[in-house]
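In my numbering, the protein residues as written are 4 to 303.
In structure tokens form, the structure reads like this:
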């Protein structure tokens with residue numbers, strides 16, 4: 004439908020990108036969406052926003068943070084294997100993955116002056132406590148990562164863009180101001196991700212990040228798709244009609260990414276005999292293309 008040349012979604016990422024991601028905790032990717040694709044996605048977001056607004060699910064100021072949005076449009080389902088972004092998902096997390104958490108965000112201009120808040124956090128909730136060791140210098144596991152598609156113009160600061168601290172994915176804690184009822188400066192090293200319509204950024208769930216207030220006249224529109232290991236439970240649910248057209252149009256790999264599996268051991272990457280299940284769609288696809296790599300643990 005959209006022209007991405009000969010890109011298939013199965014081109015290995017570069018060693019340079021992998022190194023930068025592991026060092027910085029995020030990657031900003033320019034021109035990920037073609038303009039016609041971006042415009043079509045924005046139109047789909049606008050339609051979903053109008054539907055949710057009619058149901059009264061937006062906030063008083065018109066903000067929408069919609070979880071589990073993928074089945075709301077055919078275009079959203081295809082984002083699971085976007086030909087430019089998807090290689091970063093399997094290249095950085097491997098073949099035994101699915102989407103556990105995805106959200107559609109519409110953030111209109113702030114209706115009133117910015118109130119004090121401290122929004123800095125790592126994603127993952129109990130993933131930041133349950134597997135932690137007693138050694139504060141030993142970083143927790145990544146477990147998941149997200150790709151964020153930018154649909155509106157966030158090329159200038161103050162438009163509600165995500166703020167990150169490069170390299171902070173290796174920190175298990177971040178000092179919190181004693182008084183969060185007053186305005187506090189952002190932590191040292193903070194970067195606001197300014198991006199053009201059609202750009203995308205990828206970030207490690209451990210990256211310390213924060214929302215920012217939209218002080219502009221532009222409505223911020225973004226789509227976030229998170230990927231984690233199939234042996235981790237979903238954070239939010241998809242409500243898929245398995246007898247409907249949306250599901251019928253999904254590829255085997257996309258169905259895996261929506262949570263499909265043949266049995267419980269399959270989610271752990273194996274058959275009941277304890278051997279790797281080579282029929283898991285993404286593993287099968289990578290193996291057929293010669294993209295498994297024993298030197299990369301998650302691609303073995």
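C-beta: ideal position from N, C-alpha, C; glycine also.
Please read all numbers here as calculations on a predicted model, not as lab measurements.
Checklist line | Proximal residues to residue 295 (C-beta, below 6 Å), its chain only, five neighbours per side dropped | finding: 289, 302
Checklist line | Between the CA atoms of residue 71 and residue 104 - distance to the nearest angstrom | finding: 7 Å
Item checked: Complete runs of the beta strand (DSSP E) confined to the stretch 135 to 192 [at least 3 residues] -> 147 to 153
Item checked: Three-state class that DSSP yields for residue 195 in the structure shown -> strand
Item checked: Span of the beta strand (DSSP E), counted from its first residue to its last, around residue 225 -> 223 to 232
Checklist line | One or two residues paired with residue 101 in a DSSP bridge | finding: 231
Next item on the list: Give the straight-line distance between the Cα atoms of residue 264 and residue 110, rounded to the nearest whole angstrom.
Entry: 35 Å
Notebook entry, point to check: Is the stretch 120 to 139 close to the stretch 83 to 103, with three or more CB pairs under 8 Å?
Noted result: no
Item checked: Under 8 Å between C-beta atoms of residue 13 and residue 259 -> no
Notebook entry, point to check: Ordered along the chain, which non-local residues of its own chain (more than five positions away) have a Cβ less than 6 Å from that of residue 222?
Noted result: 111
Next item on the list: Taking the CB atoms as reference points, tell me whether residue 119 and residue 183 lie closer together than 8 Å.
Entry: yes
Checklist line | First through last residue of the beta strand (DSSP E) which encompasses residue 206 | finding: 203 to 207
Next item on the list: With DSSP as the reference, label residue 131 as helix, strand or coil.
Entry: helix
Notebook entry, point to check: What distance in whole Å lies between the Cβ atoms of residue 178 and residue 29, which are believed to be in contact at a cut-off of 8 Å?
Noted result: At roughly 21 Å, the Cβ-Cβ gap does not stay under 8 Å, so residue 29 and residue 178 are not in contact.
Next item on the list: Find the nearest neighbour of residue 242 within the set 186, 274, 75, judged by alpha-carbon distance.
Entry: 75
Notebook entry, point to check: When DSSP labels each residue in this structure, what does residue 95 get in the three-state scheme?
Noted result: helix
Check: Given 8 Å as the limit, is there contact between the stretch 199 to 218 and the stretch 237 to 253, that is, 3 or more CB pairs closer than that?
Finding: no
Note to self: In this structure, how does DSSP classify residue 244 when only helix, strand and coil are distinguished?
What the structure shows: coil
Notebook entry, point to check: When you compare only the Cα positions, how much space is there between residue 122 and residue 267?
Noted result: 37 Å
Check: Beta-carbon separation of residue 228 and residue 149 under 8 Å?
Finding: yes
Notebook entry, point to check: Whose C-beta lies closer than 8 Å to the C-beta of residue 32 among residues of the same chain, with five residues either side of it excluded?
Noted result: 87, 88, 91, 202, 203, 204, 205
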